[in-house]
Every structure is written in structure tokens, then in C-alpha cells.
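Residue numbers (our numbering): 1 to 186.
Presented below is the structure to which this report refers.
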């Protein structure tokens, strides 16, 4: 299997080096790092990175702005947004809107970080499905032409949808994850 090419973009040199060092024992990852001021888009375009670990808080622009640009110009590159603390729902909604396929707190363990990178590297979405089922419909709402049964499940967690539809919870989780992975970035 080919190695997953990972680029760490963060304003702090020490943090970038620490992430690369913490993941250096992962034989299936090829790691590099970049300061946000060093033309990260150009580096991604020329080096064809599979996954980018992107700090949400980048001066002089935001990680959300850079994430949106990565999604537009390098659609094959998957973005994992790194947040300094547990993000609030509004931040998470913005992370999903720009096309990030995962988010992690910067204080995550190296094991969780490696697992998320590998999941994303093979095309999976790592944004928690339950969060999306609970928050996004509440933010977007039900359109007038939607069937009234859809209104029964909007805003419910995976198990809540399963219960409302008399289904096994795994029957809801797999199609939801599949559907989320097809959403285009905004």
C-alpha cells in the first residue's frame, strides 16, 4: 500500500515539528510541514498531499479560508481541521461547510490523530455522524416540499432516527456516513 502523504500547516514551528515527531513511527504515513505564510496551496498542488492537518487559527487569514481554498483548488486533498479547544457548534458547522472531513482538538493523542489521518486517507469522513445528524438539520431546517416523515427524523441522533423509523441503528449509520462523504465543499 502507498503511504498517505500528510502536510501539517500550523503557525507554530514547534507544534508542527511535534506532530511530525509524534507520528514518525507510523510507517504508512509520509509527513511534512509548512508555515501558513509559505504558500501551502502551491506546496499541496506540486506535492499532491493526500491529507492536510490544518490549524483553524492562522494569521493573517483563518484556517477556514485556507481550507475553503484547498477544497476548491485541490479537491483530492482531504482536510482535517485542528482546533485549539473543543469547538462550538457554529465553528464545527463552518468546518463542515468549507469541506473539512474531520476536526480534532490540538490536544488529541498521537494514536487518535494517526487513526483519523488513516481513516481520512482511505476516503472516509471522520466528522462525527451523530453531531451532523443533531446539528445540521436544526441549522438548515426542513424544506416545504419535503415529506412529513422526513420531519420526524430531522435533528435526531442516529439511534433516534433508527427508533423513529423502526430500524437497526447500524442501518442508519452506514448510509449516513456514505451520504456525508459525497457532500461537496462550499
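Note that CB positions come from ideal geometry on N, CA and C, so glycine has one too.
Here the structure is a predicted model, which is why all the values come from computation and not from measurement.
Taking C-alpha positions only, residue 119 is separated from residue 35 by approximately 25 Å. Under DSSP, residue 27 forms no beta bridge with any residue. Along the length of the segment 51-105, whole beta strand (DSSP E) runs at least 3 residues long occupy 51-55, 78-83, 102-105, reported in chain order.
Judged by DSSP secondary structure, residue 6 falls within the beta strand (DSSP E) whose first and last residues are 4-9. In this chain, the alpha helix (DSSP H) harbouring residue 116 covers 110-121.
Shown here, residue 170 sits in a helix according to DSSP, grouped into three states. If you draw a straight line from the Cα of residue 170 to the Cα of residue 176, it is about 10 Å long. If you draw a 10 Å sphere on the C-beta of residue 2, you find fewer than 16 other C-beta atoms in it, and that means exposed. Beta-bridge annotation (DSSP): residue 38 is not paired with any residue. Assignment of residue 32 by DSSP, reduced to helix, strand and coil, places it in the strand class. When rounded, the separation of the alpha-carbon atoms in residue 56 and residue 77 is 17 Å. Taking a C-beta distance under 9 Å as the contact criterion, residue 54 and residue 100 qualify as a contact pair.
The alpha-carbon of residue 14 is positioned some 22 Å away from that of residue 4.
Using a Cβ distance threshold of 9 Å, residue 117 and residue 51 count as a contacting pair. Cβ atoms of residue 155 and residue 173 stay farther apart than 8 Å, at about 17 Å.
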